[in-house]
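Enquirer: Counting in this note's numbering, the sequence shown runs from 15 upward without gaps.
All C-beta atoms, glycine included, are put in the ideal place defined by N, C-alpha and C.
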Amino acid sequence: MKKIPCWRLPVAFGFLFFFLFTEAPLPAQGPPGRENPQTQNRSAVLAGRRIFATMCQSCHGLRGGGGRAPALRSRNFKRGSSDGQLFDTIQNGIPATEMPASGLKSEEIWQVITYIRQLTGSYEEHVPGNPIEGRKILSGKGECLKCHEVSGQGSRLGPDLSTIGSWSAAELRKAILQPGAREGYRSDLVTVKTRDGRVLRGLRRNEDTFSLQMMLENEDLMVFTKNELLEVNHESKSLMPDFAKRLSATELQNLIAYLKTLKARDLSAAVAGTMAGGLPYERIRNSEREPHNWLTYWGDYQGTHYSTLKQINAGNVGLLQAQWMHQPGSGLLESTPLVVDGIMYTTGNAGRVFALDAATGLQIWEYKHKPASPKHNLTGQVNRGVAMLEGRLFATTGDAYVIALDAKTGRLLWQTQMANAGLGYYATMAPLAIRDRIIAGISGGEEGIRGFIDAYEPKGGKRLWRFYTVPGPGEFGRETWEGESWKTGGGPTWMTGTYDPELDVIYWGIGNPSPDLNGDARRGDNLFTCSVLALDAATGRRRWHFQFTPHDSRDWDSNETPVLVDRVFHGKPRKLLLHADRNAFFYVLDRITGEFLQGTPFARQTWADGLDKNGRPILRPGAEPTVEGNLIYPNLAGATNWQAPSYDPATGWFYLTFREAGDVYVKQLQKYEAGKSYWAGRTYAGGDLEYGGIKALDPETGEIKWQYRFHTGGYGAGCLATAGGIVFAASSEGNFMAFDSRTGKLLWRFQTGAEIHASPISYEVGGRQYVALAAGQNLLSFALPASEPVKKY
Numbered sequence: 015m016k017k018i019p020c021w022r023l024p025v026a027f028g029f030l031f032f033f034l035f036t037e038a039p040l041p042a043q044g045p046p047g048r049e050n051p052q053t054q055n056r057s058a059v060l061a062g063r064r065i066f067a068t069m070c071q072s073c074h075g076l077r078g079g080g081g082r083a084p085a086l087r088s089r090n091f092k093r094g095s096s097d098g099q100l101f102d103t104i105q106n107g108i109p110a111t112e113m114p115a116s117g118l119k120s121e122e123i124w125q126v127i128t129y130i131r132q133l134t135g136s137y138e139e140h141v142p143g144n145p146i147e148g149r150k151i152l153s154g155k156g157e158c159l160k161c162h163e164v165s166g167q168g169s170r171l172g173p174d175l176s177t178i179g180s181w182s183a184a185e186l187r188k189a190i191l192q193p194g195a196r197e198g199y200r201s202d203l204v205t206v207k208t209r210d211g212r213v214l215r216g217l218r219r220n221e222d223t224f225s226l227q228m229m230l231e232n233e234d235l236m237v238f239t240k241n242e243l244l245e246v247n248h249e250s251k252s253l254m255p256d257f258a259k260r261l262s263a264t265e266l267q268n269l270i271a272y273l274k275t276l277k278a279r280d281l282s283a284a285v286a287g288t289m290a291g292g293l294p295y296e297r298i299r300n301s302e303r304e305p306h307n308w309l310t311y312w313g314d315y316q317g318t319h320y321s322t323l324k325q326i327n328a329g330n331v332g333l334l335q336a337q338w339m340h341q342p343g344s345g346l347l348e349s350t351p352l353v354v355d356g357i358m359y360t361t362g363n364a365g366r367v368f369a370l371d372a373a374t375g376l377q378i379w380e381y382k383h384k385p386a387s388p389k390h391n392l393t394g395q396v397n398r399g400v401a402m403l404e405g406r407l408f409a410t411t412g413d414a415y416v417i418a419l420d421a422k423t424g425r426l427l428w429q430t431q432m433a434n435a436g437l438g439y440y441a442t443m444a445p446l447a448i449r450d451r452i453i454a455g456i457s458g459g460e461e462g463i464r465g466f467i468d469a470y471e472p473k474g475g476k477r478l479w480r481f482y483t484v485p486g487p488g489e490f491g492r493e494t495w496e497g498e499s500w501k502t503g504g505g506p507t508w509m510t511g512t513y514d515p516e517l518d519v520i521y522w523g524i525g526n527p528s529p530d531l532n533g534d535a536r537r538g539d540n541l542f543t544c545s546v547l548a549l550d551a552a553t554g555r556r557r558w559h560f561q562f563t564p565h566d567s568r569d570w571d572s573n574e575t576p577v578l579v580d581r582v583f584h585g586k587p588r589k590l591l592l593h594a595d596r597n598a599f600f601y602v603l604d605r606i607t608g609e610f611l612q613g614t615p616f617a618r619q620t621w622a623d624g625l626d627k628n629g630r631p632i633l634r635p636g637a638e639p640t641v642e643g644n645l646i647y648p649n650l651a652g653a654t655n656w657q658a659p660s661y662d663p664a665t666g667w668f669y670l671t672f673r674e675a676g677d678v679y680v681k682q683l684q685k686y687e688a689g690k691s692y693w694a695g696r697t698y699a700g701g702d703l704e705y706g707g708i709k710a711l712d713p714e715t716g717e718i719k720w721q722y723r724f725h726t727g728g729y730g731a732g733c734l735a736t737a738g739g740i741v742f743a744a745s746s747e748g749n750f751m752a753f754d755s756r757t758g759k760l761l762w763r764f765q766t767g768a769e770i771h772a773s774p775i776s777y778e779v780g781g782r783q784y785v786a787l788a789a790g791q792n793l794l795s796f797a798l799p800a801s802e803p804v805k806k807y
């Protein structure tokens, strides 16, 4: 047997448990006669724990709680759940993978398996005591809930006890009576004195040389630069009281008996927890009053993607410097963060959500979504961000759930399934949080789903209403679908909409019909695909709709931002909706009625001879996909895509990044199969060399006021206008740039070193303006040089 160098063992065992959770063909059961001879052997558990601590803990966390590698508290491992299968995996490794043979003796392997079984609760430990009385002690005499939480009840200051039943009785007893003597224990109790004379005490959440994040005993989450602090004192003791004096032997045993029953977090109990404070609806509605924050995916309800901050301006933007970088390491980022009172909330790939110190980028907490079914691997699945309402964060997941998290801790509060991921449904968008509901959309337009927009109750996740974007029998627009084609009609809703609080109307862009590239089987206009929908926020009823590309056969989703602007238009004050569509036309609509006011092309297009008086395209003959292939502009990715545009009230102009490219569109026959790609065609590059850029449009006329050409266009890199007279923009090749908003002059650029598929935001912390952007697998934040050097603490 090949021996593994000792320095490789932790990595080796990290890969071991990664592959235990990975799909693979398995025998129906383990080898005959291969059962663990040490299942109830306490000494075997202890020995296995020592081996685990040496070889596995660095990846899988203390007691298998999870870390860089999965948590180990599942009872079903994908590489085999019998003792014999686990033994073979540990002993022999997995050929053609990074998992080598362990090099452990048979007895040692059985000890590791015994410890794993103890973690999963597969081997139940008999514990004397009365759990019912123990529960009373937890919330009463023991006062445990003053620091700890059980299924959302109690304090968020200390560790969550909801799954502590995986600990042995001996471990629990030691943790209660001798908290400082536990293996690996390190006190996070800290007292600080600020320069303004305050003395604050709490638990450290994170710390580096220059900054500190802590939660106070009243659960306030505080972020400090150490320049703000006169003293930082780390205390070696625990906050836990002396339970040996507080509780009798019987009471202690009853408490342990109750703690042993805590094997899973009860989300129904977590929902009932109060979440006071945070970000109330009125603050989001009046976001213009707090420009230091970025309170929605678009920055405001209107989708203007504009910041009134002006510390960074056309005269000094050339001095802009990178300040920090967060590296979640989970694949390409497409997220746009929120910033609320100095804390940034953002998402990574694979169902991950983060809270960061917005001034330093230091991570405060991380949540990782566990798919409801092991069939759904979220690795590489992108996500675009979160919404916040009061003390809850809301996100969607790659297996088609909408979830709510505690904004202070990242702990899961509830999760509600939106649709069956096995049928091709998934979700990537940032929800929209309005007065008393969370609005969320679905993805899967390339898999033949039937799209919808949902509203959920913020506290418990109950669905309040659903609007189907592909109408069924008896619904308005059903006649625009031939035969039964509506059942697999697409209409995904994968980008965040906008909201008019005064009208109480949400505006949502709708994606492509399905199949994407062959409309022969779905003749008709195919409502409400490639449209914008105005829905009553309280009921989900349709107020009006406008379809940009009827019967689309080129995958030109209309999910781009419906930007809401109040301004004078052609001499009359109006409530407008501005929209740059993937089909290369820029539209101006009345957002109260949906009336078409104006439409002009902003990029090369060869499919329409213009728009009629109602805004319907005048189709150019022969501009459809063919069996032989047909060159059409714009290409599949569109003249613009889901990247953020921006509206600057100072200039009155609309800014967007664009791309100039054509594709050869080929239609094909394809039979629908549930959960599988349903394009019914293909494309390939054709025509002139592709390029991209940024443009400033005058909504009054559709005139292009200026443009700047990029080498390549992007389909996710958006722009941001600010009151400093700047428009920030990014290109897919990694350049982050600043332009004069009136002239288009390039003022500053920074090569991020990675492809950009996200849009920038701006915020302020401690009187300093920042501009943040995701590039590749990194989230970067920029600012002007500090007025005083950062002092070492």
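Just the C-alpha distance for Lys277 and Leu133, rounded to the nearest angstrom, thanks.
Expert: By 1-based counting over the sequence shown, the position of residue 277 is 263. By 1-based counting over the sequence shown, the position of residue 133 is 119. So the two alpha carbons sit approximately 10 Å from each other.
Enquirer: On the premise that Gly523 lies in contact with Val546, defined as a C-beta separation below 8 Å, what is that separation, rounded to the nearest angstrom?
Expert: Numbered from its first residue, the sequence shown carries residue 546 at position 532. Numbered from its first residue, the sequence shown carries residue 523 at position 509. 6 Å between Cβ atoms; contact.
Enquirer: Which residues share a DSSP beta bridge with Phe668?
Expert: Taking the first residue of the sequence shown as 1, we reach residue 668 at position 654. For Phe668, which the question treats as bridged, DSSP gives the partners Tyr661 and Leu711.
Enquirer: Jot down the residue ranges of each uninterrupted beta strand (DSSP E) in the segment 400 to 457, minimum 3 residues, whole runs only, in chain order.
Expert: 401 to 403, 406 to 410, 415 to 420, 426 to 431 and 452 to 455
Enquirer: Please state the DSSP three-state secondary structure of Asp534.
Expert: The sequence position of residue 534 within the sequence shown is 520, counting from 1. Note: Asp534 maps to helix in three-state DSSP.
Enquirer: Please state the DSSP three-state secondary structure of Asn655.
Expert: On the sequence shown, position 641 is the one that residue 655 refers to. Coil.
Enquirer: Counting only runs that start and end within the segment 215 to 294, where is the beta strand (DSSP E) found for 3 or more residues in a row?
Expert: 225 to 230, 235 to 239 and 243 to 248
Enquirer: With burial defined as no fewer than 16 other Cβ atoms inside 10 Å of the residue's Cβ, what is the status of Pro41: buried or exposed?
Expert: Position 27 of the sequence shown, counted from the first residue, corresponds to residue 41. For Pro41, the predicted model reports a pLDDT of 33, less than 50, meaning its position is unreliable; a value from the coordinates is still stated below. It counts as exposed.
Enquirer: Please tell me whether Glu496 and Gly689 are closer than 8 Å, where the distance is taken between their beta carbons.
Expert: Position 482 of the sequence shown, counted from the start, is the residue given in the question as residue 496. Position 675 of the sequence shown, counted from the start, is the residue given in the question as residue 689. Cβ atoms of Glu496 and Gly689: not closer than 8 Å.
Enquirer: Would you mind working out which of Gly629, Thr177, Ile378 and Leu261 sits nearest Gly154, comparing C-alpha positions?
Expert: Taking the sequence shown and counting its residues from 1, one reaches residue 154 at position 140. With distances taken between Cα atoms, Gly154 lies closest to Leu261.
Enquirer: Where does Gln192 fall in DSSP's three states?
Expert: Position 178 of the sequence shown, counting from 1, holds the residue named residue 192. In this structure, Gln192 counts as coil in the three-state DSSP scheme.
Enquirer: Report the partner residues of Ile308 according to the DSSP bridge assignment.
Expert: As a working mapping, residue 308 is identified with position 294 in the sequence shown. According to the sequence as given, residue 308 is Trp; it is not Ile. BP columns for Trp308 point to Val353.
Enquirer: Please report the residue range of the beta strand (DSSP E) in which Pro615 lies.
Expert: Taking the first residue of the sequence shown as 1, we reach residue 615 at position 601. From DSSP, the beta strand (DSSP E) with Pro615 extends over Phe610 to Pro615.
Enquirer: Could you say which of Ile632, Leu309 and Gly375 lies nearest to Thr512 if we only look at CA atoms?
Expert: Walking along the sequence shown from the start, residue 512 turns up at place 498. Checked all of Ile632, Leu309 and Gly375; the closest Cα to Thr512 is Leu309.
Enquirer: How would you call Leu266, buried or exposed, if buried means at least 16 neighbouring beta carbons within 10 angstroms?
Expert: One-based indexing of the sequence shown puts residue 266 at position 252. That one is buried.
Enquirer: Determine whether the beta carbon atoms of Tyr470 and Thr442 lie at a separation below 8 Å.
Expert: By 1-based counting over the sequence shown, the position of residue 470 is 456. By 1-based counting over the sequence shown, the position of residue 442 is 428. Against a cut-off of 8 Å, the Cβ pair of Thr442 and Tyr470 comes out as no contact.
Enquirer: Per DSSP, which one or two residues make a beta bridge with His340?
Expert: Position 326 of the sequence shown, counted from the first residue, corresponds to residue 340. In the DSSP output, where bridge partners are listed per residue, His340 has Leu793.
Enquirer: Exposed or buried, Thr103, counting other C-beta atoms within 10 Å across all chains shown (16 or more means buried)?
Expert: What you label residue 103 is simply residue 89 of the sequence shown in a count that begins at 1. Thr103 comes out buried.
Enquirer: Quick one: give me the first and last residue of the alpha helix (DSSP H) that Met69 is part of.
Expert: By one-based count along the sequence shown, residue 69 stands at place 55. Here the alpha helix (DSSP H) through Met69 covers Arg56 to Met69.
Enquirer: Going by DSSP in three states, Gln125 sits in which element: helix, strand or coil?
Expert: Position 111 of the sequence shown, counted from the start, is the residue given in the question as residue 125. In the structure shown, Gln125 sits in a helix (DSSP, three-state: H, G or I).
Enquirer: Cα-Cα, which of Tyr705, Tyr661, Gly748 and Val741 is closest to Glu714?
Expert: Numbered from 1 along the sequence shown, position 700 holds the residue referred to as residue 714. For Glu714, the nearest C-alpha among the options comes from Tyr661.
Enquirer: Could you compute how far the alpha carbon of Ala694 sits from the alpha carbon of Gln791?
Expert: Position 680 of the sequence shown, counted from the first residue, corresponds to residue 694. Position 777 of the sequence shown, counted from the first residue, corresponds to residue 791. Near 33 Å, if we compare the C-alpha coordinates of Gln791 and Ala694.
Enquirer: Along the alpha helix (DSSP H) that carries Gly172, what are the first and last residues, could you check?
Expert: Numbered from 1 along the sequence shown, position 158 holds the residue referred to as residue 172. That residue, Gly172, is in no alpha helix (DSSP H); it is neither H nor E in DSSP.
Enquirer: Taking contact to mean at least 3 C-beta pairs separated by less than 8 Å, is the segment 359 to 369 in contact with the segment 319 to 328?
Expert: In short, these stretches do not touch, since the Cβ pair count stays below three.
Enquirer: In angstroms with no decimal places, state the Cα-to-Cα distance between Ala788 and Pro342.
Expert: As a first step, residue 788 must be located in the sequence shown, where it is residue number 774. As a first step, residue 342 must be located in the sequence shown, where it is residue number 328. Take the alpha-carbon of Ala788 and the one of Pro342: they are about 11 Å apart.
Enquirer: Nearest-angstrom Cα distance between Ser367 and Thr757?
Expert: Here residue 367 is taken as the residue at index 353 of the sequence shown, counted from 1. Here residue 757 is taken as the residue at index 743 of the sequence shown, counted from 1. Correcting the residue type first, residue 367 is Val in the shown sequence and not Ser. Counting only the Cα atoms, Thr757 lies some 39 Å from Val367.
Enquirer: Around the C-beta of Gly624, are 16 or more other C-beta atoms found within 10 angstroms, so that it is buried, or is it exposed?
Expert: Translated into the one-based positions of the sequence shown, residue 624 becomes position 610. Gly624 should be labelled exposed.
Enquirer: Among Glu242, Leu650 and Phe742, which residue has its Cα nearest to the Cα of Ala699?
Expert: If you number the sequence shown from 1, residue 699 lands on position 685. Cα-wise, what sits closest to Ala699 is Leu650.
Enquirer: Are the segment 417 to 437 and the segment 364 to 378 in contact at 8 Å, needing three or more beta carbon pairs?
Expert: Using a Cβ-Cβ distance cut-off of 8 Å, the segment 417 to 437 and the segment 364 to 378 are in contact, since at least three pairs of beta carbons, one from each stretch, lie closer than that value.
Enquirer: Determine, using beta carbons only, whether Thr671 and Ala743 come nearer to each other than 8 Å.
Expert: For the purposes of this step, residue 671 is taken as residue 657 along the sequence shown, with counting starting at 1. For the purposes of this step, residue 743 is taken as residue 729 along the sequence shown, with counting starting at 1. For Thr671 and Ala743, yes; Cβs fall inside 8 Å.
Enquirer: Going by C-alpha to C-alpha distance, which of Trp656, Ala594 and Arg581 sits closest to Ala664?
Expert: By one-based count along the sequence shown, residue 664 stands at place 650. Among Trp656, Ala594 and Arg581, the Cα nearest to that of Ala664 belongs to Arg581.
Enquirer: Nearest to Val353 by alpha carbon, out of Gly329, His340, Gly313 and His383?
Expert: In the sequence shown, counting from the first residue as 1, residue 353 sits at position 339. Closest by alpha carbon: Gly313.
Enquirer: Under 7 Å Cβ to Cβ from Lys805, same chain only, skipping five residues before and after it: list those, please.
Expert: Taking the sequence shown and counting its residues from 1, one reaches residue 805 at position 791. Its pLDDT being 38, under 50, Lys805 is placed unreliably by the model, and the measurement read from it follows with that caveat. Answer for Lys805: Asn241, listed in chain order.
Enquirer: Return helix, strand or coil for Ile632, following the three-state DSSP convention.
Expert: As a position in the sequence shown, residue 632 is number 618, starting the count at 1. The answer is strand: DSSP assigns Ile632 an E or B state.
Enquirer: For the alpha helix (DSSP H) containing Arg149, list its first residue and its last residue.
Expert: The sequence position of residue 149 within the sequence shown is 135, counting from 1. Looking at the DSSP string, the run of the alpha helix (DSSP H) that includes Arg149 is Pro145 to Ser153.
Enquirer: Could you tell me if Leu794 is buried or exposed, where buried requires 16 or more neighbouring beta carbons within 10 angstroms of its beta carbon?
Expert: Numbered from 1 along the sequence shown, position 780 holds the residue referred to as residue 794. Note on Leu794: 16 or more other CB atoms within 10 angstroms of its CB, so buried under the neighbour-count rule.
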